[in-house]
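*Asks:*
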Amino acid sequence: MVDIPKEITETTHHHRVAVVWSVLSAEIERFACGTGARMRIVDVGGGSGGFAVPLAELGHEVTVVEPSANALASLRQRAADAGVTDRLTAVQADADELPDVVEPGTADLVLCHSVLEMIDEPEAALDALADACAQGGAVSVLVANRIAAVFGKALTGNFSTALDLLVDVDGILDGKDTMKRRFETATLTALIGASGLVTEQVHGVGVVGDLISASIAGAEAGSGEELREFELATASRIPFRDMAAQIHLLARKPIR
Numbered sequence: 049m050v051d052i053p054k055e056i057t058e059t060t061h062h063h064r065v066a067v068v069w070s071v072l073s074a075e076i077e078r079f080a081c082g083t084g085a086r087m088r089i090v091d092v093g094g095g096s097g098g099f100a101v102p103l104a105e106l107g108h109e110v111t112v113v114e115p116s117a118n119a120l121a122s123l124r125q126r127a128a129d130a131g132v133t134d135r136l137t138a139v140q141a142d143a144d145e146l147p148d149v150v151e152p153g154t155a156d157l158v159l160c161h162s163v164l165e166m167i168d169e170p171e172a173a174l175d176a177l178a179d180a181c182a183q184g185g186a187v188s189v190l191v192a193n194r195i196a197a198v199f200g201k202a203l204t205g206n207f208s209t210a211l212d213l214l215v216d217v218d219g220i221l222d223g224k225d226t227m228k229r230r231f232e233t234a235t236l237t238a239l240i241g242a243s244g245l246v247t248e249q250v251h252g253v254g255v256v257g258d259l260i261s262a263s264i265a266g267a268e269a270g271s272g273e274e275l276r277e278f279e280l281a282t283a284s285r286i287p288f289r290d291m292a293a294q295i296h297l298l299a300r301k302p303i304r
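The sequence shown runs 49 to 304 under our numbering.
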């Protein structure tokens, strides 16, 4: 297994990122099969490079497609600081513009994390992700989970809000939400299937990490590592998986 890069282990939500990284590192190893082959990776909505820079540090060629000029400026600085400017390409574009900036069928791995819940047409974006992916390549999708949002509101006594999230078709609070939709495992896998991709793995990200306070999580020495171990142990187990703050899915583009 590829070790979690230092830049990732030092993030505030290490327990959450660890689940995603464990899936991605296994995919990297599967691709290399002991040959040391480097991947062509596209990170859609990759922001300032939280995943892109560590992946480039591992030697992979990474293209970040991101609409925010400020995020791209931070990305370029981070890449320069890490010495990976030659392996990282920054492109200012939206997810639905992917066909215009990435040659179809060329990406061994496509990341799309915390994007589908924020855009108008997730179906079109998934089609674009699938088109960019090479046959046999993988697509990593991370989205907000409706069930976790409902549960979180209920646990704080906001039962009316929890019910609103539960009954709204998109799992949002009309006029009060920063997101356009939240997903559940079934709705996400259905969208993935409609794009022609085949779901291989589903994990929950942040099963309890967002429900407990930082003071509890860090109450004892080593408890942060224990939380990480708990998250990794429950990430793929039902019902824990389907209650997590986010749903992470790894899908494959079939070889035709």
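Where a beta carbon is used, it is the ideal one built from N, C-alpha and C, also for glycine. This structure is a prediction, so every number in the text was calculated from the model and none was measured.
From residue 112 to residue 118, what does the alpha carbon distance come to, in whole angstroms?
*Replies:* 13 Å
*Asks:* For the alpha helix (DSSP H) containing residue 195, list its first residue and its last residue.
*Replies:* Looking at the DSSP string, the run of the alpha helix (DSSP H) that includes residue 195 is 194-203.
*Asks:* Got a sec? Which residues, its chain only, sit under 7 Å from residue 201 by beta carbon, not counting five neighbours each side?
*Replies:* Sequence-distant partners of residue 201 (beyond 5 residues in either direction) whose C-beta falls short of 7 Å from its own C-beta, in its chain, are 209, 210, 213.
*Asks:* Might you give, ordered along the chain, the residues of its own chain that have their beta carbon closer than 7 Å to the beta carbon of residue 96, omitting 5 neighbours on each side?
*Replies:* 119, 122, 123, 126
*Asks:* Between residue 237 and residue 98, what straight-line distance do the alpha-carbon atoms span, to the nearest angstrom?
*Replies:* 25 Å
*Asks:* Are residue 199 and residue 252 touching if we call contact CB-CB under 8 Å?
*Replies:* no
*Asks:* Determine the closest residue to residue 132 out of 232, 101, 144, 294, with distance taken between C-alpha atoms.
*Replies:* 101
*Asks:* Roughly how many angstroms separate the alpha carbons of residue 145 and residue 280, rounded to a whole number?
*Replies:* 34 Å
*Asks:* Any idea if residue 207 is buried or exposed, counting beta-carbon neighbours within 10 angstroms, 16 or more meaning buried?
*Replies:* exposed
*Asks:* Buried or exposed: where does residue 297 fall if 16 or more other Cβ atoms within 10 Å of its Cβ makes it buried?
*Replies:* buried
*Asks:* Identify whether residue 76 lies in helix, strand or coil by the three-state DSSP scheme.
*Replies:* helix
*Asks:* Based on Cα-Cα distance, which residue from 197, 250, 139, 229 lies nearest to residue 189?
*Replies:* Minimum Cα distance to residue 189 is reached at 250.
*Asks:* Give the C-beta separation of residue 285 and residue 183 to the nearest angstrom, bearing in mind that I take them to be a contact with Cβ-Cβ under 8 Å.
*Replies:* Actually they do not touch by this definition, with Cβ atoms about 31 Å apart.
*Asks:* Once DSSP output is grouped into helix, strand and coil, what is the label at residue 99?
*Replies:* In this structure, residue 99 counts as coil in the three-state DSSP scheme.
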